[in-house]
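Residue numbers (full-length UniProt numbering): 1 to 267. Everything below concerns the one structure shown next.
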Amino acid sequence: MLNHNQALLRAGGSGPRARFARRATLRRSLRLLGSFRFEQTDPAVFYGGLATDTAELIGDFYRDLTGRDLTGTTVLDVGGGPGYFADEFTAAGARYLPVEPDPSEMHAAGLTVSGAVRGSGMALPFRDGSVDICLSSNVAEHVPHPWLMAEEMLRVTRPGGLMMLSYTVWLGPFGGHETGPWHYLGGEYAARRYRRRFGREPKNRFGSSLFEVRAADGMDWAERVRGRARIMAVFPRYHPRWAWWLVRVPGLRELLVSNLVVVAAKI
Numbered sequence: 001m002l003n004h005n006q007a008l009l010r011a012g013g014s015g016p017r018a019r020f021a022r023r024a025t026l027r028r029s030l031r032l033l034g035s036f037r038f039e040q041t042d043p044a045v046f047y048g049g050l051a052t053d054t055a056e057l058i059g060d061f062y063r064d065l066t067g068r069d070l071t072g073t074t075v076l077d078v079g080g081g082p083g084y085f086a087d088e089f090t091a092a093g094a095r096y097l098p099v100e101p102d103p104s105e106m107h108a109a110g111l112t113v114s115g116a117v118r119g120s121g122m123a124l125p126f127r128d129g130s131v132d133i134c135l136s137s138n139v140a141e142h143v144p145h146p147w148l149m150a151e152e153m154l155r156v157t158r159p160g161g162l163m164m165l166s167y168t169v170w171l172g173p174f175g176g177h178e179t180g181p182w183h184y185l186g187g188e189y190a191a192r193r194y195r196r197r198f199g200r201e202p203k204n205r206f207g208s209s210l211f212e213v214r215a216a217d218g219m220d221w222a223e224r225v226r227g228r229a230r231i232m233a234v235f236p237r238y239h240p241r242w243a244w245w246l247v248r249v250p251g252l253r254e255l256l257v258s259n260l261v262v263v264a265a266k267i
């Protein structure tokens with residue numbers, strides 16, 4: 001019989017019939033990775049594609065969990081920024097609520113999202129068990145205490161609900177964000193080099209708005225929530241299904257996973 005940790009490492013998507021695993025093709029991977037070049041120059045292109053993919057990911061896992069689509073669900077997006085994901089979740093029938101601590105980020109794209117909340121992911125202003133789905137996409141590496149944020153996300157998710165945390169792995173190719181690949185020589189060095197070259201601080205400044213988060217940290221957190229949540233999947237977000245085995249290999253996953261996804265069902 002597998003112990004819990006072994007089961008985690010095999011959790012590539014709840015078995016071969018998991019809906020999202022069927023979507024995780026090489027074509028999808030190339031499309032998402034190709035959009036990264038627009039992240040800062042044309043964020044609507046990058047985040048628009050990511051929004052569609054995220055809504056599909058959440059919808060698939062929620063249907064695997066409950067047998068239902070997103071109609072009538074309350075979806076809390078921690079670190080929702082200016083609300084690029086709003087249209088996709090609303091179109092799926094969900095009530096979408098973004099939480100964002102930075103008012104400049106909330107208004108960066110000129111979007112208006114009804115119900116948007118200003119607040120910290122590390123102290124969510126919501127009651128225990130108050131949302132059906134709580135997600136966070138590419139945010140954990142931007143907060144100083146990402147696993148406190150993960151605990152808050154699990155707290156506000158109702159029993160029987162879904163939680164999804166996706167974050168950029170520090171030692172992956174995108175770990176330094178715009179300062180990469182120099183982050184391999186240290187985050188502070190990469191930030192200083194960026195300032196010397198461009199005459200300004202990077203948007204994602206190591207030590208204040210960018211932090212080192214490992215793939216192993218997500219695996220460890222998934223182990224710690226045993227008894228409070230069932231881990232449905234742990235996988236590299238931008239990889240095709242046949243490469244999800246990378247999460248099982250310590251060391252290698254830090255370099256090649258790039259972005260780790262943990263999907264949990266609240267008990």
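For each residue, glycine too, the CB sits at the ideal point set by N, CA and C.
Taken through DSSP and simplified to helix, strand or coil, residue 153 comes out as helix. For residue 92, the closest alpha carbon among the candidates 102, 57, 124, 126 is that of 57. Scanning its chain for C-beta atoms nearer than 6 angstroms, with the 5 sequence neighbours on each side dropped, one finds no residue around residue 22.
Between residue 166 and residue 138, the gap from beta carbon to beta carbon is short of 8 angstroms. Contact annotation: residue 157 and residue 131 have beta-carbon atoms nearer than 8 angstroms.
Pairing residue 53 with residue 59, the inter-Cα distance amounts to about 10 angstroms. Collapsing the DSSP output to three states places residue 212 in coil. Residue 227 counts as exposed, since fewer than 16 other beta carbons sit within 10 angstroms of its beta carbon.
For residue 135, the enclosing beta strand (DSSP E) has its first and last residue at 131 to 137.
Assignment of alpha helix (DSSP H) within the region 43 to 90, counting only whole runs of 4 or more residues, yields 43 to 66 in chain order. Counting along the chain, residue 198 sits inside the alpha helix (DSSP H) bounded by residues 187 to 198. When 127, 101, 129 are compared, the shortest CA-CA separation from residue 118 is found for 101.
For residue 146, the three-state secondary structure derived from DSSP is helix.
Ranked by Cα distance from residue 230, the options 164, 95, 71 are led by 164. Ranked by Cα distance from residue 64, the options 18, 87, 263 are led by 18.
Residue 201 carries a coil assignment under DSSP once its states are collapsed to helix, strand and coil. Taking every protein chain shown into account, the CB of residue 79 has 16 or more other CB atoms within 10 angstroms, so this residue is buried. Beyond the five residues adjoining it in sequence on each side, residue 145 comes within less than 6 angstroms, by CB distance, of 122 in the same chain, given in chain order. Judged by their CB atoms, residue 260 and residue 236 are nearer to each other than the 8 angstroms cut-off. As DSSP reads the structure, residue 167 sits in a beta bridge with 260.
Within the same chain, and ignoring the five residues on either side of residue 126 in sequence, the residues whose Cβ sits closer than 6 angstroms to its Cβ are 156. Taking the CA atoms as reference points, residue 76 sits about 20 angstroms from residue 222.
Classified as exposed, residue 267 has fewer than 16 neighbouring CB atoms from the shown chains inside 10 Å of its CB. By the CB criterion at 8 angstroms, residue 160 and residue 257 fall outside the cutoff. For residue 123, no beta strand (DSSP E) run applies, since DSSP gives it neither H nor E. Just measuring C-alpha positions, the residue of 185, 233, 70, 216 sitting nearest residue 249 is 216. In chain order, 59, 62, 63, 92, 93 place their CB closer than 8 angstroms to the CB of residue 69, counting only its own chain and leaving out the 5 sequence neighbours on each side. Using a 10 angstroms sphere on the CB of residue 201, the tally of other CB atoms stays under 16, which defines it as exposed.
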